[in-house]
Amino acid sequence: MKIITTANEMLDYSKGVRSLGSSIGFVPTMGALHQGHASLVETAARNCDKVVVSVFVNPTQFNQSSDLEAYPRTFETDKGLLEQLGADVMFYPTVDEIYPDGKSEVSFDLDGLDEFMEGPNRPGHFNGVVQVVTRLFDLVNPSKAFFGEKDFQQLAVITHMIEKLGYDVDVIGCPTVREAGGLAMSSRNMRLSEEAKNTALAISKTLQQTRVNIEDFGVDKAKDLATLELKSVPQFELEYFELVDTKTLKPANDKTSEIQACVALWIEGVRLIDNMKVK
Ligand code: AMP
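Under our numbering, the letters of the sequence shown match residues 977 to 1255, in that order.
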């Protein structure tokens, strides 16, 4: 596996591969890799000739500097896992390589997809995500890019913006990989005690129960029940629990045909998100 650290070298590599008519599958990550990331890399390898995985903790998508500083960085283990998975390139740039003109704030019109959930709770977050993804796409020139449904709203924003900005890249969503008990895998789980991981099982259980509750009691009551359930766990600080239209991400009602339950909460100072299709 090649390790590329500069923008120019990345451009040279992608030009070389694409000029031979080969496809590039791209998996952008912030490192601290786990089986969720591995599943994206495996899917990319099945679908494309070459696989590029970026490991870059993007400062412009963090709205709290303490969160950015606490973000786990595990270069050696990441490299080992990517080698094992057969990735062709690990792209590991510095902040200066990605933002040579400084990390100035950008503002995209996300057409309302940032109106709810992560949008209001993490101001500037999705602008930072679109900023880094477009910069990485310019360097990696992928045919297909693979993102996890774990970050459901992010996937919706990227799919929409990549089309709107005219990129010729297929954005492919991949299912959330979970621990045996149901906890969605996340780099942030590394910062949790065993006890907190156990407590956090209530998140996926509540999402699953919501599917049943929507059938039995309708959308409003199901939302109230889930909110009550999550608020009753003393270790949780609930940020939001929302039932939204899977396509538009607007609040769902009983007439909505496809519904996603989305949750964000804090435990032991770590912010966890999860979501599930519940109708
Ligand atoms: P991150 O490193 O957290 O920015 O994630 C990089 C990519 O991996 C994103 O597209 C995430 O949605 C995806 N991802 C993170 N956790 C999981 C998971 N448990 N299952 C599937 N994909 C995931």
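We put the CB at the ideal spot given by N, CA and C, even for glycine. Keep in mind the model is a prediction, meaning the values are calculated, not measured.
Nearest CA to the CA of residue i: which residue from the options?
i               : options                               : result
glutamate 1125  : Gln1060, Thr1222, Asp1043 and Leu1086 : Thr1222
valine 1239     : Met1093, Gln1011, Ala1228 and Arg1187 : Met1093
asparagine 1117 : Gly997, Val1195, Ser1080 and Ile1243  : Gly997
leucine 1159    : Gln1011, Asp988, Gly1062 and Gly1245  : Gln1011
glutamate 1055  : Ser1030, Gly1078, Lys1079 and Tyr1075 : The sequence shown places lysine at residue 1055, not glutamate. Residue Ser1030 is the option with its Cα nearest to lysine 1055.
alanine 1237    : Gly1001, Gly1078 and Val1188          : Val1188
glutamate 1234  : Glu1191, Asp1064 and Lys1140          : Glu1191
aspartate 1025  : Ser999, Leu1009 and Met1006           : Ser999
lysine 1120     : Ser1041, Leu1016 and Ala1178          : Leu1016
glycine 1062    : Gly1001, Trp1242 and Leu1044          : Gly1001
lysine 1207     : Thr1005, Val1195, Leu987 and Leu1241  : Leu1241
asparagine 984  : Leu1115, Ser1169, Phe1193 and Ile1243 : Leu1115
valine 1109     : Gly1095, Gly1088, Tyr1143 and Pro1099 : Tyr1143
valine 1254     : Leu1248, Phe1217 and Thr1175          : Phe1217
glycine 1095    : Asp1064, Phe1122, Gln1129 and Gln1107 : Gln1129
Measuring straight from C-alpha to C-alpha, what distance separates residue i and residue j?
i               : j               : result
glutamate 1068  : isoleucine 1134 : The sequence shown places tyrosine at residue 1068, rather than the glutamate named in the question. If you take the alpha carbons of tyrosine 1068 and isoleucine 1134, they lie about 21 Å apart.
glutamine 1037  : aspartate 1090  : 13 Å
threonine 1019  : valine 1145     : 16 Å
glycine 1149    : leucine 1131    : 7 Å
arginine 1154   : asparagine 1097 : 24 Å
asparagine 1103 : leucine 1086    : 8 Å
serine 995      : valine 1028     : 16 Å
tyrosine 1047   : valine 1033     : 8 Å
glutamate 1081  : arginine 1167   : 29 Å
isoleucine 1138 : threonine 1070  : 24 Å
glutamine 1211  : lysine 978      : 43 Å
valine 1105     : aspartate 1230  : 32 Å
isoleucine 1179 : valine 1220     : 17 Å
threonine 1186  : methionine 1252 : 9 Å
threonine 982   : leucine 1009    : 21 Å
histidine 1013  : threonine 1005  : 8 Å
valine 1147     : arginine 1111   : 15 Å
Between residue i and ligand 1, is the CB less than 6 Å from at least one heavy atom?
i                  : result
valine 1153        : yes
serine 1169        : no
phenylalanine 1084 : no
aspartate 1054     : no
leucine 1160       : According to the sequence shown, residue 1160 is alanine rather than leucine. Alanine 1160: yes, Cβ under 6 Å from ligand 1.
lysine 1253        : no
valine 1250        : As written in the sequence, residue 1250 is aspartate, which differs from the valine given in the question. Checking the Cβ of aspartate 1250 against ligand 1 gives no.
aspartate 1043     : no
methionine 1066    : no
methionine 1006    : yes
serine 1180        : no
phenylalanine 1123 : yes
lysine 1173        : no
lysine 1126        : yes
What do you get for residue i, buried or exposed, if any count of 16 or more other CB atoms within 10 angstroms of its CB means buried?
i               : result
threonine 1152  : buried
methionine 1066 : buried
valine 1003     : buried
threonine 1182  : buried
valine 1040     : The sequence shown places glutamine at residue 1040, rather than the valine named in the question. Glutamine 1040 should be labelled exposed.
alanine 1156    : exposed
glycine 1007    : buried
serine 1163     : buried
| query | Does the stretch 1201–1212 come within contact of the stretch 1221–1235, defined as at least 3 CB pairs closer than 8 Å? | reply | No contact exists between the stretch 1201–1212 and the stretch 1221–1235.
| Quick one: any contact between the stretch 1076–1083 and the stretch 986–995, if contact means 3 or more CB pairs under 8 Å? | no
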